[in-house]
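Take a look at the structure set out below.
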Amino acid sequence: MPIESTKPEFIEIALGILDRAGSDPGYTLTIAQQFTLQKYAVYCVNNSAPETGTLAPKFYTQKETCTLLHCSEPTIIEWRKRGWIKPIHVGAKILYTDQVIQDALKIVAVHKYRR
Numbered sequence: 549m550p551i552e553s554t555k556p557e558f559i560e561i562a563l564g565i566l567d568r569a570g571s572d573p574g575y576t577l578t579i580a581q582q583f584t585l586q587k588y589a590v591y592c593v594n595n596s597a598p599e600t601g602t603l604a605p606k607f608y609t610q611k612e613t614c615t616l617l618h619c620s621e622p623t624i625i626e627w628r629k630r631g632w633i634k635p636i637h638v639g640a641k642i643l644y645t646d647q648v649i650q651d652a653l654k655i656v657a658v659h660k661y662r663r
């Protein structure tokens with residue numbers, strides 16, 4: 549008996565929203581529908597693999613990036629303003645790839661404070 553992969557329920561909801569929005573040019577999305585589509589977009593990006601056989605990049609939120617880089621959110625925001633770390637915007641979400649995080653580690657110098 550084959551094992552079926554279970555998909556999150558928001559996928560079916562998102563596909564229904566896309567069908568309705570695609571058939572009616574004057575269709576207005578509610579905030580809940582926008583949030584569902586945003587979750588669907590992040591899900592698709594994180595669970596798709598390129599055709600070249602390489603792994604798809606993992607996307608991290610700003611808080612996850614802070615924990616990986618051992619810094620605070622204002623620090624990440626400052627690095628973003630300076631161009632040291634380049635985010636990907638999905639709706640209102642700010643995401644970072646693992647490659648961007650690795651590049652930021654090379655650019656940002658570690659400061660050791662004297663006591």
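Heads up, the final residue of the sequence shown is numbered 663 in our numbering, and it's a clean run with no missing numbers. Don't be surprised by glycine CBs; every beta carbon is placed ideally from N, CA and C.
Rounded to whole angstroms, the gap between the alpha carbons of Phe583 and Ile636 is 17 Å. Taking C-beta atoms as the reference points, Thr613 and Tyr644 count as a pair closer than 8 Å. The beta strand (DSSP E) runs lying completely inside the region 631–658 and spanning 3 residues or more are 636–638, 641–645, given in chain order. Assignment of Tyr575 by DSSP, reduced to helix, strand and coil, places it in the coil class.
Between Gln610 and Ile633, the gap from beta carbon to beta carbon reaches 8 Å or more. Between Lys641 and Gln586, the beta carbon gap of about 6 Å places them in contact (Cβ cut-off 8 Å). Across the set Ala589, Lys629, Asp572, the C-alpha of Ala589 shows the shortest separation from the C-alpha of Gly639.
DSSP places Glu557 outside any alpha helix (DSSP H), giving it a letter other than H or E. For Ile579, the closest of Ala562, Arg630, Ser571 by C-alpha to C-alpha distance is Ala562.
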